[in-house]
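Reading through the structure tokens given below for one structure.
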Amino acid sequence: MSFGEFELDEPRFELRQSGVPVEIQPKVLDLVFFLVKNAERVVTKTELLDNVWPGVVVTEASLSQAVSAARRALGDDGSAQSFIRTVRGRGFRFTADVKELGAEQAAHERHVEAPPTSLVPPTSLVPPSVEGPPSSMGTFESARGHVSTTNTSLELETHEEAAHEAKRAELGTHLFIVCHGDDPTLGGARYALDGIDDVEIIRGTERGVERLLEGPTKRLVISIPGNLVSRRHAQLVRGLGDWQLLDLESRNGTYIEGERIKKHTLKDGDFFECGHT
2 MSFGEFELDE PRFELRQSGV PVEIQPKVLD LVFFLVKNAE RVVTKTELLD
52 NVWPGVVVTE ASLSQAVSAA RRALGDDGSA QSFIRTVRGR GFRFTADVKE
102 LGAEQAAHER HVEAPPTSLV PPTSLVPPSV EGPPSSMGTF ESARGHVSTT
152 NTSLELETHE EAAHEAKRAE LGTHLFIVCH GDDPTLGGAR YALDGIDDVE
202 IIRGTERGVE RLLEGPTKRL VISIPGNLVS RRHAQLVRGL GDWQLLDLES
252 RNGTYIEGER IKKHTLKDGD FFECGHT
């Protein structure tokens with residue numbers, strides 16, 4: 002399928018712009034595929050939630066963030082709405098003219114040589130007080146306000162964007178992760194911690210989050226790729242009015258402002274590192 006200068010390759014699960022692959026989060030790409038396949042009509046929010054996140058409780062706020070990420074990947078935004086139009090009170094509609102790619106044309110588009118990608122992380126992803134690319138870095142922030150959700154957002158965004166959005170919306174306690182790991186282009190993510198009892202940070206083959214919301218303890222398990230992160234690295238535990246950061250006897254340590262810790266009471270704006278260079 003193609004529209005404008007973009008192509009969607011379903012067998013390769015890939016979005017390309019003028020033949021060059023576009024970096025996009027898998028769930029956001031799922032959303033783009035669903036909208037494009039249903040371009041002739043308005044797709045309701047319920048349809049998107051049921052088809053892109055089947056069996057997972059996702060808030061409309063997280064859906065809106067995914068739509069924003071999809072627009073950014075397409076060079077679109079909420080003002081222009083050149084590709085994804087919001088239909089107030091209904092849902093979203095993909096408005097570009099969609100064409101089916103023939104097999105020969107699709108093969109040609111896949112073989113366009115892509116320009117080399119930089120392995121240097123965008124400076125906006127690393128707060129100025131931190132030197133070098135740690136395996137992962139978190140910021141703990143709390144903003145006053147009411148939050149009714151316990152699930153998380155995996156939208157890729159910079160630390161500054163996430164912090165600004167949380168304060169703008171007057172949300173509750175959040176954890177901001179700036180993730181480098183084995184891929185410095187991963188960016189960051191924001192996790193809402195209201196209703197969550199603890200967060201475990203582990204090493205994984207790719208970045209992801211698992212919600213363990215059944216039972217008495219509500220837990221988020223955040224997986225981060227990278228050799229500096231231990232199999233079970235660190236844990237954040239909710240206390241009486243505060244959060245404790247615990248190192249789980251990791252090989253490369255957990256750090257607050259460059260100092261290795263075993264246990265630390267977090268305060269607003271704290272930066273911590275899992276693994277240290």
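Residue numbers (the working numbering): 2 to 278.
For glycine and all other residues, C-beta sits at the position ideal for the given N, C-alpha and C.
Quick caveat, the model's predicted, so the values are computed rather than measured.
Just confirm the distance between the C-beta atoms of residue i and residue j, as a whole number of angstroms; I'd bet it's less than 8 Å.
i, j, result
"arginine 89", "threonine 96", "Contact doesn't hold; Cβ gap of about 15 Å is too wide."
"valine 44", "leucine 36", "6 Å"
"arginine 220", "aspartate 198", "6 Å"
Should residue i go down as buried or exposed, given a rule of 16 or more other Cβ atoms within 10 Å for buried?
i, result
"serine 231", "buried"
"proline 27", "exposed"
"proline 226", "buried"
"leucine 194", "buried"
"aspartate 98", "exposed"
"leucine 157", "Any answer about leucine 157 is weak, because its pLDDT of 32 lies below 50 and its placement is not dependable; what the coordinates show is given next. Buried, because 16 or more other Cβ atoms sit within 10 Å of the Cβ of leucine 157."
"threonine 218", "exposed"
"arginine 72", "buried"
"arginine 91", "exposed"
"asparagine 253", "buried"
"glycine 276", "buried"
"glutamate 11", "exposed"
"leucine 241", "exposed"
"glutamate 201", "buried"
"valine 286", "In the structure as shown, the chain begins at 2 and stops at 278. Residue 286 is therefore absent and cannot be evaluated."
Per DSSP, which residues does residue i bridge with? Please list them.
i, result
"glycine 92", "Thr45 and Val88"
"proline 22", "Arg17"
"aspartate 199", "Arg220 and Val238"
"threonine 206", "Per DSSP, none; premise fails for threonine 206."
"serine 3", "Glu8 and Lys100"
"leucine 229", "Leucine 229 is not bridged to any residue."
"threonine 60", "Per DSSP, none; premise fails for threonine 60."
"glutamate 215", "Its beta-bridge partners do not exist; DSSP assigns none."
"glutamate 258", "Looking at the DSSP assignment, glutamate 258 forms no beta bridge with any residue, so it has no partner."
What are the boundary residues of the beta strand (DSSP E) that residue i is part of?
i, result
"lysine 264", "264–267"
"aspartate 31", "It is not in any beta strand (DSSP E) - aspartate 31 instead sits in the alpha helix (DSSP H) that spans 27–38."
"leucine 9", "7–10"
"leucine 75", "Run containing leucine 75: none; DSSP gives neither H nor E here."
"tryptophan 244", "244–248"
With residue i as the anchor, note down where its alpha helix (DSSP H) starts and where it stops.
i, result
"glutamate 274", "No alpha helix (DSSP H) contains glutamate 274, which is instead part of the beta strand (DSSP E) from 271–275."
Three-pair Cβ contact test at 8 Å for the segment 45–58 versus the segment 16–26: Contact between the segment 45–58 and the segment 16–26 is absent, because fewer than three Cβ pairs lie under 8 Å.
Stretch-stretch touch, CB-based, cutoff 8 Å, three pairs: the segment 68–83 with the segment 196–215: no
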